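Notes follow once the structure below has been shown.
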Amino acid sequence: MILSVDQLKKNIESTLDLELDFKSMLETSDLINDIEKVHVTGSYQFLTSEHLLFNLHVETTLTLSCAITLKPVKYQVSFDFEEEVSKTEQTEYQIQGDQIDLSEMVWGALVPEVPIAVVSEDAPEGLFDKEKEVNPAFSSLKDLLKK
Numbered sequence: 253m254i255l256s257v258d259q260l261k262k263n264i265e266s267t268l269d270l271e272l273d274f275k276s277m278l279e280t281s282d283l284i285n286d287i288e289k290v291h292v293t294g295s296y297q298f299l300t301s302e303h304l305l306f307n308l309h310v311e312t313t314l315t316l317s318c319a320i321t322l323k324p325v326k327y328q329v330s331f332d333f334e335e336e337v338s339k340t341e342q343t344e345y346q347i348q349g350d351q352i353d354l355s356e357m358v359w360g361a362l363v364p365e366v367p368i369a370v371v372s373e374d375a376p377e378g379l380f381d382k383e384k385e386v387n388p389a390f391s392s393l394k395d396l397l398k399k
């Protein structure tokens, strides 16, 4: 979603409440199988006429693959982030002409929130929960530490 700096200046409340669709971004992601609409709320303030600070809250549901069974797992994501945007290269995201790409900014904050692995509730237990067995040759050493 592209935001116009002029429109943001006209918004007296300086708040955002919108939904973004990232289905097209799934082609570039190996971890995310599906993503519901992303609900973005928050506020922004102009630090200067060409420098903004966004305080945003993001909520969505991702569909990821279970690390054990590969079955789809729904994963709720909810987080806050703060991002500065300006016309200079001092910020990660820049104002291009009169426009700010909010989608790029939100996607950049969302990707690090995706866990590397999830396990579904119906995955078989005990596959990876085995405790390491103590070598019997060293079992007498644990008694030395207790003294």
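Going by the working numbering, 330 is the number at position 78 of the sequence shown; the sequence numbering is gapless.
We put the CB at the ideal spot given by N, CA and C, even for glycine.
From a predicted model like this one, the values you see are computed outputs, not experimental measurements.
(request) Below 6 Å CB to CB, which residues in the same chain sit around residue 352 once its five sequence neighbours on both sides are set aside? (result) Here the set comprises 255, 337.
(message) Using the Cβ count rule (16 or more neighbours within 10 Å means buried), how would you classify residue 292?
(response) Residue 292 should be labelled buried.
(request) Can you grab the Cα-Cα spacing for the pair residue 324 / residue 340, in whole Å? (result) Those two C-alpha atoms are separated by around 42 Å.
(message) Rounding to the nearest angstrom, what Cα-Cα distance links residue 301 and residue 366 in this structure?
(response) Going from the Cα of residue 301 to the Cα of residue 366 covers about 34 Å.
(request) Buried or exposed for residue 344, please, with buried defined as at least 16 other CB atoms from any protein chain shown within 10 angstroms of its CB. (result) Within 10 angstroms of the beta-carbon of residue 344 lie fewer than 16 other beta-carbons, which makes it exposed.
(request) Kindly list the residues whose CB is nearer than 7 Å to the CB of residue 331, restricted to its own chain and excluding five residues on each side of it in sequence; keep chain order. (result) Closer than 7 Å at the Cβ level, and outside the excluded window around residue 331, lie 310, 365.
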